[in-house]
Each structure stands twice: as C-alpha cells, then as structure tokens.
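A.B. asks: Input: one structure, supplied below.
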Amino acid sequence: MAVAQTASTTVPNDLEAHWMPFTANRAFKSRPRLVARAKDMHYYTPEGRPILDGAAALWCTNAGHNREPIVAAIQKQAAEMDFAPSFQFSHPRAFEVASRIAALAPGDLDHVFFCNSGSEACDTALKIALAYHNVRGEGTRTRLIGRERGYHGVGFGGISVGGIVNNRKFFGSLLTGVDHLPHTYNREQQAFTKGEPEWGAHLADDLERIVALHDASTIAAVIVEPMAGSTGVLPAPKGYLQRLRAICDKYGILLILDEVITGFGRLGHAFAAERYGIVPDLITFAKGVTSGAVPMGGVIVRKGIHDAFMKGPEHMVELFHGYTYSAHPLACVAALAALDLYRDENLFARAKKLEPLWADAVMSLKGLPRVLDIRTVGLTAGIDLASRPDAYGKRGYEAMERGFHDEGIMFRVVGDTLALTPPLIVSEAQIGEIFEKVTRIIKAVN
Ligand SMILES: Cc1ncc(COP(=O)(O)O)c(C=O)c1O
Numbered sequence: 093m094a095v096a097q098t099a100s101t102t103v104p105n106d107l108e109a110h111w112m113p114f115t116a117n118r119a120f121k122s123r124p125r126l127v128a129r130a131k132d133m134h135y136y137t138p139e140g141r142p143i144l145d146g147a148a149a150l151w152c153t154n155a156g157h158n159r160e161p162i163v164a165a166i167q168k169q170a171a172e173m174d175f176a177p178s179f180q181f182s183h184p185r186a187f188e189v190a191s192r193i194a195a196l197a198p199g200d201l202d203h204v205f206f207c208n209s210g211s212e213a214c215d216t217a218l219k220i221a222l223a224y225h226n227v228r229g230e231g232t233r234t235r236l237i238g239r240e241r242g243y244h245g246v247g248f249g250g251i252s253v254g255g256i257v258n259n260r261k262f263f264g265s266l267l268t269g270v271d272h273l274p275h276t277y278n279r280e281q282q283a284f285t286k287g288e289p290e291w292g293a294h295l296a297d298d299l300e301r302i303v304a305l306h307d308a309s310t311i312a313a314v315i316v317e318p319m320a321g322s323t324g325v326l327p328a329p330k331g332y333l334q335r336l337r338a339i340c341d342k343y344g345i346l347l348i349l350d351e352v353i354t355g356f357g358r359l360g361h362a363f364a365a366e367r368y369g370i371v372p373d374l375i376t377f378a379k380g381v382t383s384g385a386v387p388m389g390g391v392i393v394r395k396g397i398h399d400a401f402m403k404g405p406e407h408m409v410e411l412f413h414g415y416t417y418s419a420h421p422l423a424c425v426a427a428l429a430a431l432d433l434y435r436d437e438n439l440f441a442r443a444k445k446l447e448p449l450w451a452d453a454v455m456s457l458k459g460l461p462r463v464l465d466i467r468t469v470g471l472t473a474g475i476d477l478a479s480r481p482d483a484y485g486k487r488g489y490e491a492m493e494r495g496f497h498d499e500g501i502m503f504r505v506v507g508d509t510l511a512l513t514p515p516l517i518v519s520e521a522q523i524g525e526i527f528e529k530v531t532r533i534i535k536a537v538n
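The sequence shown: position 42 = 134 (this note's numbering), numbered continuously.
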C-alpha cells in the first residue's frame, strides 16, 4: 500500500516508471540517452543534437529512418483501417506482403506465417517444426538443437535453444529436450578475419555427435543464425552452413535459419541463405522487414512443410498458433513500402558493394590500444576491446556513453564488444565518419 501511495507516476516525464528492457536502468536514468526525432542516417536528441546511427537502431532501420514512402503508407493506412482480425478474417495487404516476402526467399520457401517480433518468429518456427513432424506421424521428433552463444529472442523457446548464459540462467529449467552445438568462434584461429573465417566448418560435424547420442528419430530441428549478431558479430566459418544443411538432410532434421537480423540486406542479399547457397527449411525474419517502422516478424516455410498441414476437414483450423496482431495492417503497409524502397534503391546490392570498403575501414582500427579482435561480414562489425580487470563490460559501457554524449554516434555494445551495423543507405563519407568517431572513442576509454 505504502508503495502505491508514494509511487511517482503522476510526475510528467519522470523516468522512474519505465522499466527499460535489456538496459542498465540505474546507469541510464542517472545519465539518459534520449532521442526524439530521426531522419535517414541520424537521430536527434530532444535538444536537437544529431546522433549518427551506426547500429540501424537495433539492426532494424535498414532503409534509414523516417523514409517518406513508409511514413506516408502508415499514415494512409491508419486513416483507412486501423486493425483487422487475423484469425478467420484478414485484409488484402496481408496476402500482398506475404507474396512479396516469399518471392525474395530462396528455393521453395513460399508460405509466410506472420507475428510481431523476432522472438515470436523463433518460437513460431520451433512450434511449426514440432507440429510438422507430428502431423506427418513422426511425433517422436521432439528435440530442438540450438547453438552456444546463439540468440533467438526472449521467449521460452528462444532462450532454451539460445546460448547466451545471462538470458538463460535466471529463468528456470527452460524447455526440456534441447541440446546445443558448439559456437564457432576461436580467436586464435580467426582473429582479424574479413568475412567468413577459413577455420571452423568442422564444428558443424558436432551435429553428428548429437545425433549419435539422441538418435535422429528424436530430433525435430536445428536453429542457428547465419551470423551470430547479439553475441558480438560472429560470422559463419566458410562451408559451415553448407555442412550443417547436409547433415540435417541426412537425418531428416529441419534446418531453421534465424534471419531476424541478417534478413533484408544486412549481408548483401535479401536473405543470408542466398549468400551461402543453402535452402533452409524455415527462415525467421523481423526488424528490417518494415525497416523498423512498425513491429512485424514472421516465418517463411518450404512448400512441403506448409502442405503437410493442409489436410483433414476443411472447416478446421490447421495450425493452432497465431497472434492477435499477426499481419497488422500498419505493419503490412510499412513492410510493402520498405520492400519497395529496398527494390527501387537496390539496397541489398548496395550493402554488397560497400562490404569491401566497410571491411577495410573497420580493419583500420586493428592496432589501436586494447583492440583484441575485429570481425566483419556484410555491413556488420564486432570490435572486441580488452575488459578491465574485475570490470567486465565497463569499458564497453563507457564507449557507448562517450559515443552518444561526446561523439554523437549510436552503436551497440555487448560486454566490451562494440557492434556496428549501420542502415544500408550509409554513404562512403559516413562510413569514414563512423570509424573516425569510433577510433577517438577507443583511444579515450583507457
Ligand atoms: C537472431 C535474432 N533472433 C531473434 C531476435 C529477437 O527479436 P525481437 O527482439 O524482435 O524479439 C533477435 C534480436 O536481436 C535476433 O538478433
């Protein structure tokens, strides 16, 4: 009661009530990093100070911020029809955007199931994989295989197959029947590699060990990111994903590629599957699909997976899964406008063309004090700084603060690793500007 009476929720703009996600709340609230407006490559603080967006916000705004066609599409749709139910009813835009996304997907991935975030996409993909085996009469296939250091969002499915210790250890026993492949990072073998490291394809063979332990008849699916982003940018070793695909094929295990951050151009293709020449069974996506403007996520599945469900009485629901806001009208029009921009401005090809220049720019930081490794693939970069003894993450945090307050740049930090992933519209001059700022920051956080 006393708590309720003293709660300070009536104070306008009090920072207290908002419990921020994945944030050091006390540190943030003592020195907030607030943005109030955005356009193209920049945010602007409430005072109007520009902040160069070196992170596409959260790997989202691939087409840049507040692009006119996306803004206009959302405004028009909001005035026309705010919401439509997604169970048993729908609206034309949902089908249009599904067709557009399916057309970008590799191979015979031709059906799209919508949700609202990457976490929902991952849990949806895991559920579809389990249910698929079930409807085909292979209900013993219940095990899910993830990978150490993997990030598949924060749902119970995602954290179970994920491999980020802090995202798992506080939350009980998670899903049962989950196993993990080893992560693919080895600094001794891979340090300062541009693109996919030569070393590490053999780590996919660990799936053979897992199959030998549990038997293929108990394994439903493997889920991995083509480039492990949230753990600090770990590009897939050369040949790794192809090898994983081959082993999955050998044992009838579904391969789920989590493309929540690699989808829509980050690695120079609509989906990273194309870069690696593989056809996964399911692809998860979110973020870039609307260039971050409205929440949307989804799962693209192969024709055979979808078709396996299309049996039984026609008036009956085929998959008992979905979200109230699946294919929300505002998300659908934002996605259509974003996909138009990606196409009209050739933004995926642009990312590919910029990749060598970007890689050279980031590798120029090699040799700066405390830089232990740099990784890069597509328009991504992970820069490992040495941790201070007994203060893991402090140097990274200070780099982020200094970036925002002193240098006017936004990037992500994971512990003491800086992650840079700009919108795909970044200019060559802005790439130069990003790394000038980052160089000054690295030198300063001694
Ligand atoms: C590979 C991957 N999967 C899933 C997610 C979760 O997405 P969301 O935060 O939209 O739930 C993320 C978020 O960064 C991600 O990087």
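Glycine included, each C-beta is placed from N, C-alpha and C at the ideal position.
1) Specify the secondary structure class of Val381 as computed by DSSP and reduced to three states.
2) If you pair each beta-carbon of the stretch 271 to 281 with each one of the stretch 197 to 205, do three or more pairs fall below 8 Å?
3) Count the other CB atoms within 10 Å of the CB of Met173; is the residue buried (16 or more) or exposed (fewer)?
4) Can you tell me whether Lys529 is helix, strand or coil according to DSSP?
5) For Val70, which residues from the same chain have a beta carbon less than 8 Å from its beta carbon, with the 5 sequence-adjacent residues on both sides left out?
6) Cβ of Tyr332 within 6 Å of any heavy atom in ligand 1?
7) Taking the alpha-carbon of Gly485 as reference, which of Thr472, Val506, Pro318 has the nearest alpha-carbon?
8) Buried or exposed: where does Phe377 fall if 16 or more other Cβ atoms within 10 Å of its Cβ makes it buried?
9) Suppose you measure from the CA of Gly210 to the CA of His244; what does that come to, to the nearest Å?
10) CA-CA distance, Ala283 and Arg467?
11) Give the list of continuous beta strand (DSSP E) stretches no shorter than 3 residues that lie fully inside the stretch 107 to 178.
12) How many angstroms separate the CA atom of Leu222 from the CA atom of Glu280?
13) For Met408, name the three-state secondary structure that DSSP assigns.
14) Would you tell me roughly how many angstroms separate the C-alpha atoms of Gly524 and Thr115, rounded to the nearest one?
15) Mind listing, in chain order, the residues whose beta carbon lies closer than 7 Å to a non-hydrogen atom of ligand 1?
16) Put Ile302 into one of helix, strand or coil per three-state DSSP.
17) Check whether the stretch 331 to 346 touches the stretch 249 to 268, counting contact only when three or more Cβ pairs, one atom from each stretch, lie closer than 8 Å.
18) So for Ala94, helix, strand or coil by DSSP?
19) Strictly by DSSP, which residues pair up with Ile311?
20) Count the other CB atoms within 10 Å of the CB of Pro387; is the residue buried (16 or more) or exposed (fewer)?
21) Do you know how far the Cα of Ile162 is from the Cα of His398?
22) Looking only at its own chain, which residues have a Cβ that is under 7 Å from the Cβ of Ile526, when we skip the five neighbours before and after it?
23) Below 8 Å on the Cβ atoms is my guess for Gly292 versus Tyr332; work out the distance and round it to an integer in Å.
24) Per the contact definition of three or more C-beta pairs closer than 8 Å, is the stretch 130 to 140 in contact with the stretch 344 to 364?
25) Suppose contacts are defined by Cβ-Cβ distances below 7 Å. Is Pro451 in contact with Leu464 by that definition?
26) Taking the continuous alpha helix (DSSP H) assigned at Gly396, which residues delimit it?
27) One question on the structure: do Ser383 and Ala430 come within less than 7 Å of each other, judged by their Cβ atoms?
28) Nearest-angstrom Cα distance between Ser551 and Ala213?
29) Assign Val303 to buried or exposed, taking buried as 16 or more other Cβ atoms, counted over all protein chains shown, within 10 Å of its Cβ.
30) Should Asp350 and Glu300 be called a contact, given that it needs their Cβ atoms to be closer than 7 Å?
31) Going straight from the alpha carbon of Ala170 to that of Leu422, what length do you get?
32) Based on the DSSP secondary-structure assignment, which residues constitute the bridge partners of Arg504?
33) When DSSP labels each residue in this structure, what does Arg467 get in the three-state scheme?
34) Verify whether the separation of the beta carbon atoms of Ile533 and Arg494 is less than 7 Å.
35) Which residues bound the beta strand (DSSP E) around Leu266?
36) Alpha carbon to alpha carbon, how far is Asp298 from Arg239?
C.D. replies: Walking through what the data contain:
1) Looking up residue 381 in the sequence shown gives position 289. Val381 falls in the helix class under three-state DSSP.
2) Fewer than three pairs of CB atoms, one per stretch, sit closer than 8 Å, so the stretch 271 to 281 makes no contact with the stretch 197 to 205.
3) Residue numbering aside, residue 173 sits at position 81 when the sequence shown is read from its first letter. Exposed, since its Cβ has fewer than 16 Cβ neighbours within 10 Å.
4) On the sequence shown, residue 529 is found 437 positions in, with the first residue counted as 1. Helix at Lys529.
5) Because the chain in this structure spans residues 93 to 538, residue 70 falls outside the shown range and cannot be described.
6) Residue numbering aside, residue 332 sits at position 240 when the sequence shown is read from its first letter. Checking every heavy atom of ligand 1 against the Cβ of Tyr332, none is found closer than 6 Å.
7) Counting from 1 along the sequence shown, the entry for residue 485 is found at position 393. Among Thr472, Val506, Pro318, the Cα nearest to that of Gly485 is on Val506.
8) Numbered from its first residue, the sequence shown carries residue 377 at position 285. Counting of Cβ neighbours within 10 angstroms places Phe377 among the buried residues, the total reaching 16 or more.
9) Against the sequence shown, residue 210 aligns to sequence position 118. Against the sequence shown, residue 244 aligns to sequence position 152. His244 has its alpha-carbon roughly 7 Å from the corresponding atom of Gly210.
10) Locating residue 283 in the sequence shown gives position 191, where the first residue counts as 1. Locating residue 467 in the sequence shown gives position 375, where the first residue counts as 1. Approximately 8 Å between the Cα atoms of the pair.
11) Fully enclosed beta strand (DSSP E) runs of 3 or longer: 129 to 131, 134 to 136, 142 to 145.
12) For this step, residue 222 is matched to residue 130 along the sequence shown. For this step, residue 280 is matched to residue 188 along the sequence shown. In a straight line, the C-alpha of Leu222 is about 38 Å away from that of Glu280.
13) Your numbering for residue 408 matches position 316 in the sequence shown. If DSSP states are grouped into helix, strand and coil, Met408 belongs with coil.
14) As a working mapping, residue 524 is identified with position 432 in the sequence shown. As a working mapping, residue 115 is identified with position 23 in the sequence shown. Taking the straight line joining both Cα atoms gives about 29 Å.
15) My final list is Leu150, Trp151, Ser209, Gly210, Ser211, Glu212, Ala213, Cys214, Tyr243, His244, Gly245, Val246, Gly250, Glu317, Gly321, Ser322, Asp350, Val352, Ile353, Thr376, Ala378, Lys379, Gly389.
16) Within the sequence shown, numbered from 1, the residue matching residue 302 stands at position 210. In this structure, Ile302 counts as helix in the three-state DSSP scheme.
17) In short, these stretches do not touch, since the Cβ pair count stays below three.
18) On the sequence shown, residue 94 is found 2 positions in, with the first residue counted as 1. Reliability fails at Ala94, whose pLDDT of 40 lies under 50, so the model's placement of it is uncertain and the value that follows must be treated cautiously. Assignment of Ala94 by DSSP, reduced to helix, strand and coil, places it in the helix class.
19) Position 219 of the sequence shown, counting from 1, holds the residue named residue 311. According to DSSP, Ile311 bridges with Arg235.
20) Taking the sequence shown and counting its residues from 1, one reaches residue 387 at position 295. In this structure Pro387 is buried. Its beta-carbon is surrounded by 16 or more other beta-carbon atoms within 10 angstroms.
21) One-based indexing of the sequence shown puts residue 398 at position 306. One-based indexing of the sequence shown puts residue 162 at position 70. His398 and Ile162 have their C-alpha atoms some 30 Å from each other.
22) The residue labelled residue 526 in the question sits at position 434 within the sequence shown. The residues are Leu144, Gly146, Ile501, Leu512, Pro514.
23) As a first step, residue 292 must be located in the sequence shown, where it is residue number 200. As a first step, residue 332 must be located in the sequence shown, where it is residue number 240. Confirmed, about 6 Å.
24) No, they do not touch.
25) Taking the first residue of the sequence shown as 1, we reach residue 451 at position 359. Taking the first residue of the sequence shown as 1, we reach residue 464 at position 372. The identity of residue 451 in the sequence shown is Ala, whereas the question assumes Pro. With respect to Leu464, Ala451 sits apart: the two C-beta atoms are not nearer than 7 Å.
26) Taking the sequence shown and counting its residues from 1, the one referred to as residue 396 is at position 304. According to the DSSP assignment, Gly396 belongs to the alpha helix (DSSP H) that extends over 395 to 401.
27) Here residue 383 refers to the residue found at position 291 of the sequence shown. Here residue 430 refers to the residue found at position 338 of the sequence shown. Going by beta carbons, Ser383 and Ala430 fall inside the 7 Å limit.
28) Past the boundaries of the shown model lies residue 551; the chain is included only from 93 to 538, so the question cannot be answered.
29) Counting from 1 along the sequence shown, the entry for residue 303 is found at position 211. Using a 10 angstroms sphere on the CB of Val303, the tally of other CB atoms reaches 16 or more, which defines it as buried.
30) Locating residue 350 in the sequence shown gives position 258, counting from the first residue. Locating residue 300 in the sequence shown gives position 208, counting from the first residue. Taking 7 Å as the Cβ cut-off, Asp350 and Glu300 do not qualify as a contacting pair.
31) Mapped onto the sequence shown, residue 170 falls at position 78. Mapped onto the sequence shown, residue 422 falls at position 330. Taking the straight line joining both Cα atoms gives about 7 Å.
32) Counted from its first residue, the sequence shown places residue 504 at position 412. BP columns for Arg504 point to Ala511.
33) Locating residue 467 in the sequence shown gives position 375, where the first residue counts as 1. In this structure, Arg467 counts as strand in the three-state DSSP scheme.
34) Here residue 533 refers to the residue found at position 441 when the sequence shown is read from its first residue. Here residue 494 refers to the residue found at position 402 when the sequence shown is read from its first residue. Contact annotation: Ile533 and Arg494 have beta-carbon atoms nearer than 7 Å.
35) Along the sequence shown, one-based indexing puts residue 266 at 174. For Leu266, there is no enclosing beta strand (DSSP E), as DSSP gives it neither H nor E.
36) Start at 1 with the first residue of the sequence shown, and residue 298 comes out as number 206. Start at 1 with the first residue of the sequence shown, and residue 239 comes out as number 147. Going by the C-alpha atoms only, they are around 10 Å apart.
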